[in-house]
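To start, the structure under review is shown below, and the notes come after it.
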Amino acid sequence: MEVFNTLTGRKEPFLPREAGRVSIYVCGPTTYNYIHLGNARALVVFDTIRRYFLYRGYRVTYVQNFTDVDDKIINRAREEGVEPAALAAKYVDEYFVDADALNVRRADVHPKVSEHIPEIIQLIQVLIDRGLAYTANGDVYFAVRKFPEYGKLSKRSLDDLRAGARVEVGEHKRDPLDFALWKAAKPGEPWWDSPWGPGRPGWHIECSAMALKYLGEAFDIHGGGADLIFPHHENEIAQSEGASRRPFARYWIHNGFVTIRQEKMSKSLGNVSLVRELTRIYPPPALRLFLLSNHYRSPLDFTPEAMEAGVRALERLKTSVVLLREVLDNARVQDNPADGAALSARLEELRNRFEAAMDDDFNTALAQAVLFDLVGEVNSYLHHVDRPDRATVQRALDLFATFNRVLGIFPERDGQMVVETGVSADDFAHRLLDLLIAVRQEARRRKDFTTADRIRDGLRALGIVLEDTPQGVRWKRTGAGNTIGKSS
RNA sequence: GGCGGCGUAGCCAAGUGGCUAAGGCGACGGUCUGCAAAACCGUUAUUCGGCGGUUCAAUUCCGCCCGCCGCCUCCA
25 MEVFNTLTGR KEPFLPREAG RVSIYVCGPT TYNYIHLGNA RALVVFDTIR
75 RYFLYRGYRV TYVQNFTDVD DKIINRAREE GVEPAALAAK YVDEYFVDAD
125 ALNVRRADVH PKVSEHIPEI IQLIQVLIDR GLAYTANGDV YFAVRKFPEY
175 GKLSKRSLDD LRAGARVEVG EHKRDPLDFA LWKAAKPGEP WWDSPWGPGR
225 PGWHIECSAM ALKYLGEAFD IHGGGADLIF PHHENEIAQS EGASRRPFAR
275 YWIHNGFVTI RQEKMSKSLG NVSLVRELTR IYPPPALRLF LLSNHYRSPL
325 DFTPEAMEAG VRALERLKTS VVLLREVLDN ARVQDNPADG AALSARLEEL
375 RNRFEAAMDD DFNTALAQAV LFDLVGEVNS YLHHVDRPDR ATVQRALDLF
425 ATFNRVLGIF PERDGQMVVE TGVSADDFAH RLLDLLIAVR QEARRRKDFT
475 TADRIRDGLR ALGIVLEDTP QGVRWKRTGA GNTIGKSS
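Each position in the first sequence, counted from 1, maps to that position plus 24 in this note's numbering.
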């Protein structure tokens with residue numbers, strides 16, 4: 025496996041700290057709002073990376089924090105007139121709603137800043153003892169010039185940085201580039217006791233403390249969005265390596281940005297897309313498909329057109345799974361290995377190509393292409409072969425599920441891909457639909473196509489598409505809540 | 001100004017020093033169908049922003065130019 029390491033600027037062979045095990049820390053959201061598409065990309069990218077390590081047989085320890093103590097939270101809470109802790113807790117819950125929709129697995133640990141204050145204080149104390157940090161008016165700052173390797177991740181020199189640096193009013197830094205480890209409490213702000221007086225952690229220290237706590241020194245992979253390279257991850261390195269005098273993370277992986285119609289998503293441009301809103305418009309699996317449709321380090325441009333293409337592409341994937349399952353269920357399949365041999369051989373090639381794609385710095389765009397090649401092979405086989413071989417069809421479906429387990433497009437229930445999302449439990453509606461379909465079939469038999477088409481067009485207007493197949497009528501719902509059913 | 005990235009068909013996008021430049025969406029023609037839908041078969045880049053250079057050979061390496069973008073301040 026090869027992984028692009030921001031630290032070296034190169035693709036490198038992946039060699040874990042400990043054979044067969046991978047430790048991963050990913051910077052999670054600051055919980056002051058619903059997550060947006062950019063957060064979602066990071067989540068989905070690293071979830072997919074994690075899934076691929078699992079596929080490869082590694083034991084993975086995956087940690088993703090919540091920054092639940094932060095200026096943004098305090099400001100937002102003040103605007104809404106609620107307690108910062110309550111606001112943060114709410115958006116942690118809301119995070120899981122969106123992450124679940126995107127089929128992002130829970131991390132092994134989801135540590136919160138608010139629950140790791142003692143660890144943070146301890147780490148700051150070590151930095152002070154080592155002479156890397158100093159106190160000033162109840163604040164504690166990290167002295168950047170005391171850490172000679174500062175800038176090694178973002179490839180910047182202190183001189184370059186100094187030109188653009190600025191000091192906020194009320195700060196007491198010795199050097200403009202120094203950053204806060206601990207901020208003295210201002211009136212009305214949450215605070216904790218510390219050796220330096222009441223206050224709260226600075227922005228970067230929590231990740232160092234929590235990563236070291238759960239993964240130890242020199243863990244394998246630290247990930248996040250490219251915008252975190254500087255200053256957040258640079259500062260994490262300075263704090264962690266300054267304290268431990270050992271390498272912090274071995275590989276740094278950063279995903280590219282999501283842009284909206286070529287513009288950076290930002291609050292000032294007013295073009296922030298929240299996952300909560302998007303999942304109301306698009307099926308979440310289409311969103312995930314879209315987020316993995318190009319290489320994780322490249323920018324990804326969101327447009328309604330691109331999403332529509334994703335929705336159509338998702339339909340193609342669904343149809344193929346439905347077709348495979350139908351064939352396995354009906355009398356067409358038999359034990360006919362001779363006819364399946366060619367496809368079986370192709371399946372092995374596809375598996376190899378999939379692995380090669382993911383081995384090459386998690387090339388999900390290529391991996392998706394392999395998935396679509398699988399669809400093509402399968403559909404063509406089912407189209408051309410009268411008596412498909414049961415074992416081969418099953419193997420094809422298994423391979424689809426295997427790819428899906430890595431890419432996470434369709435959720436799984438009891439080990440089965442759930443191709444219909446938002447299945448309606450409304451049995452009554454289903455029976456009504458079956459009745460309408462039966463009536464239409466009778467009309468068709470009488471060659472009363474006016475009636476038949478009226479029913480089909482009417483259902484289409486309600487978001488239900490009918491497909492007449494030799495095996496009976498298949499129906500599916502279009503739109504975000506997508507259901508596929510069969511009525512014969 | 002410093003650092004970094006990108007420019008491949010109508011759109012999205014992978015990729016390679018020489019072998020047919022993946023895949024998706026769209027479009028067009030055909031098969032199937034009462035008509036559709038889905039699926040299948042076929043067509044859709046003699047060419048990879050422009051100009052030079054290196055090379056037997058470059059879209060792929062180098063230089064310059066043009067265009068676009070990101071980071072350097074909170075941000076996934």
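Glycine residues also receive a C-beta, built at the ideal position from the N, C-alpha and C atoms. None of the values given here were measured: they were computed from a predicted structure.
Buried or exposed (CB count within 10 angstroms, at least 16 for buried), residue i
i, result
"F90", "buried"
"L486", "exposed"
"L456", "exposed"
"H319", "buried"
"T55", "buried"
"K342", "buried"
"L39", "exposed"
"T327", "exposed"
"S181", "exposed"
"G52", "buried"
"N57", "buried"
"L459", "exposed"
C-alpha gap between residue i and residue j, whole angstroms
i, j, result
"R74", "H278", "14 Å"
"R130", "R469", "52 Å"
"G446", "L177", "With a pLDDT of 45 at G446, under the threshold of 50, the predicted position of this residue should be treated as unreliable, and no value is reported."
"F452", "E118", "32 Å"
"N428", "L421", "10 Å"
"E162", "E139", "Here residue 162 turns out to be Gly, not Glu, going by the sequence shown. Approximately 22 Å, taken between the alpha carbons."
"T474", "R300", "42 Å"
"L390", "M382", "8 Å"
"N387", "P435", "21 Å"
"A439", "Q146", "The sequence given here has Gly at residue 439, not Ala. Answer to the nearest angstrom: the Cα atoms are 44 Å apart."
"G496", "L302", "34 Å"
"E42", "P222", "40 Å"
"K207", "R224", "5 Å"
"E339", "S317", "15 Å"
"V137", "W216", "12 Å"
"R274", "L236", "13 Å"
"K471", "F378", "48 Å"
"K210", "E103", "17 Å"
"M331", "Q392", "16 Å"
Pair within 7 Å by beta-carbon distance, residue i and residue j
i, j, result
"N298", "H134", "Just to set this straight, residue 298 is Leu in the shown sequence, not Asn. The answer is no: Cβ separation not under 7 Å."
"R312", "G280", "no"
"V417", "V351", "yes"
"D199", "V164", "no"
"A112", "D132", "no"
"L205", "G226", "yes"
"N29", "W220", "no"
"R4", "I479", "Limits of the chain in this structure are 25 at one end and 512 at the other, which puts residue 4 out of reach."
"A242", "R270", "yes"
"A157", "F171", "no"
"V345", "V443", "yes"
"V116", "G247", "no"
"G432", "N63", "no"
"M441", "A415", "no"
"Y76", "V430", "yes"
"I48", "I245", "yes"
"L315", "R65", "yes"
Cut-off 6 Å between Cβ atoms - residues of its own chain near residue i, not counting five sequence neighbours on either side
i, result
"N259", "F203, H228"
"M234", "N89, P135, H140"
"T283", "P323, D325"
"D94", "T54"
Residues near residue i by beta carbon distance below 8 Å, same chain, minus five either side
i, result
"L347", "V402, N403, L406"
"E374", "It should be noted that the sequence gives Leu, not Glu, for residue 374. So the qualifying residues of the chain are V394, D397, L398, E401, L423."
"R83", "G44, R45, V46"
Close-in-space but distant-in-sequence residues of the same chain around residue i (CB under 7 Å, 5 per side omitted)
i, result
"D384", "E26"
"P255", "F203"
"A101", "E107, P108, L111"
"R419", "S368, L371"
"G78", "Before going on, a small fix: residue 78 reads as Leu here, not Gly. Excluding residues within five positions, the ones whose Cβ falls inside 7 Å are V84."
"I144", "P225, I229, E230, A233"
"L67", "A123, L126, V128"
"V121", "none"
Does the stretch 279-287 come close enough to the stretch 194-202 that 3 or more CB-CB pairs lie under 8 Å? no
Just checking, does the stretch 354-364 make contact with the stretch 399-412 on the three C-beta pairs under 8 Å criterion? yes
Are there three or more Cβ pairs, one per stretch, closer than 8 Å when the stretch 328-338 is compared with the stretch 303-310? yes
Examine the Cβ distances between the stretch 259-270 and the stretch 137-151 and report whether three or more of them are shorter than 8 Å. yes
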